[in-house]
Amino acid sequence: MLARYDVATGALDTARPPFATDDAMVTRTGEIYLAHERELYRWCGRGFDRIATLPHPISNFYDVQDRDSIVLITQKHAVYAVAPDRPEAERLTRLVFHSDGTPQINGTGRYVSVDINHDESSVLDLVTGTRWRVASQDPVDSISLTGRTGLLFAAGRVSVVHFDVPDDPKKIREWVLQATNHTVDAAGP
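Numbers 4 to 192, taken from this note's numbering, label the letters of the sequence shown in order.
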């Protein structure tokens with residue numbers, strides 16, 4: 004049984020989902036989402052609207068700060084974004100086809116780490132679309148709320164990695180040149 008109480012109005016909504024609930028989430032705006040196998044539903048007070056059907060069962064899902072979508076991870080380690088208020092044909096977007104390990108999402112839902120190729124982790128900013136590779140063969144197991152620090156656990160050791168990439172995509176080139184001590188041979192090849 005689900006219940007939602009509105010403190011301001013005193014209204015109480017209750018409902019019993021017509022399916023087994025595998026996972027549930029309340030968004031920043033108070034919307035309630037439920038997962039059942041491959042399907043994501045939104046409880047609207049009057050009933051349950053199917054928002055999306057994924058190719059594989061849903062493992063986890065998250066509300067993303069500063070983005071009007073929900074990020075879902077399937078049991079096959081694929082990552083999808085669902086924009087629930089778009090037309091049905093435009094709701095589902097695959098962000099990562101497959102991660103070798105379980106994708107890790109930080110507390111705000113903005114940053115996700117994935118192991119795209121064997122021994123190669125990447126961190127994605129789900130708001131700006133920025134992606135950067137982690138210079139380590141160890142997977143990123145945890146990302147700070149700011150998305151600037153990651154913890155890597157492997158072979159009995161803990162490593163800390165700092166992601167100092169600027170948020171502004173226009174400043175990334177300058178940052179890469181400075182971070183890598185890039186030089187240009189004036190004579191050229």
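Where a beta carbon is used, it is the ideal one built from N, C-alpha and C, also for glycine.
Quantities reported herein were computed from a predicted structural model and do not represent experimental measurements.
| field | Whole-angstrom C-beta distance between V67 and R113, which should lie under 8 angstroms | value | To locate residue 113, count along the sequence shown from 1; it is residue 110. To locate residue 67, count along the sequence shown from 1; it is residue 64. A Cβ-Cβ distance of about 6 angstroms is found for the pair R113 and V67, placing them in contact under the 8 angstroms criterion.
| Exposed unless 16 or more other CB atoms sit within 10 angstroms - verdict on L15 | Reading the sequence shown from its first residue, position 12 is the one you call residue 15. So L15 ends up on the exposed side.
| request: Mind checking which residues open and close the beta strand (DSSP E) that includes R19? | output: Within the sequence shown, the letter at position 16 stands for residue 19. Per DSSP, R19 belongs to no beta strand (DSSP E) and is neither H nor E.
| field | Reduced DSSP secondary structure (H/G/I, E/B, other) of R247 | value | The first residue shown for the chain is 4 and the last is 192, placing residue 247 beyond what the model contains.
| task | Could you tell me whether the Cβ atoms of S102 and A84 are closer together than 8 angstroms? | result | Locating residue 102 in the sequence shown gives position 99, counting from the first residue. Locating residue 84 in the sequence shown gives position 81, counting from the first residue. Contact: no.
| What number of angstroms, rounded off, separates the C-alpha of E91 from the C-alpha of I54? | Numbered from 1 along the sequence shown, position 88 holds the residue referred to as residue 91. Numbered from 1 along the sequence shown, position 51 holds the residue referred to as residue 54. Roughly 8 angstroms between the two C-alpha positions.
| task | Using beta-carbon positions only, say whether P142 and S124 come within less than 8 angstroms of one another. | result | Stepping through the sequence shown from its first residue, residue 142 is reached at position 139. Stepping through the sequence shown from its first residue, residue 124 is reached at position 121. Yes. Within cutoff.
| request: Can you have a look at F22 and say buried or exposed, based on whether 16 or more other CB atoms are within 10 angstroms of its CB? | output: Translated into the one-based positions of the sequence shown, residue 22 becomes position 19. When all chains shown are included, F22 counts as exposed.
| query | When DSSP labels each residue in this structure, what does R53 get in the three-state scheme? | reply | Residue numbering aside, residue 53 sits at position 50 when the sequence shown is read from its first letter. Three-state result, R53: strand.
| DSSP three-state call for R176: helix, strand or coil? | In the sequence shown, residue 176 corresponds to position 173, counting from 1. Note: R176 maps to helix in three-state DSSP.
| field | Range of the contiguous beta strand (DSSP E) that encloses T152 | value | As a position in the sequence shown, residue 152 is number 149, starting the count at 1. Taken as a continuous stretch (DSSP letters only), the beta strand (DSSP E) holding T152 covers 152-157.
| said: Let me check understanding here. Comparing Cα to Cα, which of G110, A18, D171 lies closest to T133? | reply: One-based indexing of the sequence shown puts residue 133 at position 130. Measuring from the Cα of T133, the nearest candidate turns out to be D171.
| Who are the Cβ neighbours of A6 in its own chain at under 6 angstroms, not counting the five residues just before and after it? | Position 3 of the sequence shown, counted from the first residue, corresponds to residue 6. Here the set comprises T17.
| said: Within 10 Å of its beta-carbon, does L75 have 16 or more other beta-carbons around it, so buried, or fewer, so exposed? | reply: The residue you call residue 75 lines up with position 72 of the sequence shown. L75 is buried by the Cβ-count criterion.
| For R160, the nearest candidate out of S139, M4, I119 (CA to CA) | The residue given as residue 160 occupies position 157 in the sequence shown. Comparing Cα positions, the closest option is S139.
| field | Sub-8 angstroms separation of F252 and D9 beta-carbons | value | The shown model of the chain, from 4 to 192, leaves out residue 252, and the question about it has no answer.
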